[in-house]
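**Student:**
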Amino acid sequence: MVSNPVVAFFGALAIGTMAMPALAADSGGMDADVMRINNSWAHIRYQIKDRGAQFQQLAALEKQAHAVTLKYPGKAEPLLWEGIVVSEEAARASTLKQLGVATRARDILAKAYAINPKVADGGAAMSLGVLYYKVPGWPIGFGSTSKARTYFQQALTQDPKGLDNNFFYGDFLAQEGDKVHARQYLQRALQAPTNPDRPVWDAGRRTEVRALLAKLG
Numbered sequence: 000m001v002s003n004p005v006v007a008f009f010g011a012l013a014i015g016t017m018a019m020p021a022l023a024a025d026s027g028g029m030d031a032d033v034m035r036i037n038n039s040w041a042h043i044r045y046q047i048k049d050r051g052a053q054f055q056q057l058a059a060l061e062k063q064a065h066a067v068t069l070k071y072p073g074k075a076e077p078l079l080w081e082g083i084v085v086s087e088e089a090a091r092a093s094t095l096k097q098l099g100v101a102t103r104a105r106d107i108l109a110k111a112y113a114i115n116p117k118v119a120d121g122g123a124a125m126s127l128g129v130l131y132y133k134v135p136g137w138p139i140g141f142g143s144t145s146k147a148r149t150y151f152q153q154a155l156t157q158d159p160k161g162l163d164n165n166f167f168y169g170d171f172l173a174q175e176g177d178k179v180h181a182r183q184y185l186q187r188a189l190q191a192p193t194n195p196d197r198p199v200w201d202a203g204r205r206t207e208v209r210a211l212l213a214k215l216g
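Note that numbering that gives the first Met the number 0 has the sequence shown beginning at 0, numbered continuously upward.
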């Protein structure tokens, strides 16, 4: 038995945290600014090993992401990536702060979703789904498996072959005890085309998919 469900759930969030929606190649403006946040996130997530260093760099990256959000008011993409960065912070925050940071991430992602629920091939829906199944439910937190499932299904409608959409839904199904369907979605994730524009994320995420498949047996 786990004595502290907050630690248990956020430990899981740290293993496979926020969803990484695909971005179309774009030479200027908002997409270039968002891609810089994206690449910095991937570097911290997959190439920085020390948890304390990760948290410090994520805190600095959050400020940069927020500046991009302010630069492009009313746009969903910067809000989405600000929410992703804050979600990653939640996974590495102290136990007393984790739920508050996760709630802040949810609120930012909800703003992106409200502007454009289809943004980044369902990335906002997917990211919200991850939070809703990783965070404890009532009376501790806002977690909800029913909301998580709804958001994941919306994301898969937008991008049924995507690496992240299939990985996170597979992870969700595994945690729900549905190992048969979990394996199917995880195998589908590995069949997703590689993304040469985001090599660090692509390789890191596929490593996570294979690790989960091995765990499921």
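Every residue gets a Cβ at the ideal spot worked out from N, C-alpha and C, and that includes glycine.
With distances taken from CA atoms, which of Gly-136, Gly-176, Glu-207 and Lys-70 is nearest Ala-188?
**Tutor:** Glu-207
**Student:** I believe Ala-64 touches Glu-81 by the beta-carbon criterion, under 8 Å. Please report the beta-carbon distance rounded to the nearest angstrom.
**Tutor:** 4 Å
**Student:** For Gly-128, which beta-bridge partners are listed by DSSP?
**Tutor:** Partner(s): none; Gly-128 has no beta bridge.
**Student:** Using the DSSP secondary-structure output, state which residues sit across from Gly-136 in a beta bridge.
**Tutor:** Gly-142
**Student:** Suppose you measure from the CA of Leu-155 to the CA of Asn-164; what does that come to, to the nearest Å?
**Tutor:** 6 Å
**Student:** Within a Cβ cutoff of 6 Å, which residues of the same chain sit near Arg-105, ignoring the five residues on either side of it in sequence?
**Tutor:** Leu-130
**Student:** If you draw a straight line from the alpha carbon of Ala-147 to that of Ala-101, how long is it in whole angstroms?
**Tutor:** 15 Å
**Student:** Starting from Ala-41, follow the alpha helix (DSSP H) in both directions and report where the run begins and ends.
**Tutor:** First-last of the alpha helix (DSSP H) with Ala-41: 28-46.
**Student:** Would you report the Cα separation of Ser-143 and Met-34, rounded to the nearest angstrom?
**Tutor:** 31 Å
**Student:** Is DSSP giving Ala-191 helix, strand or coil here?
**Tutor:** coil
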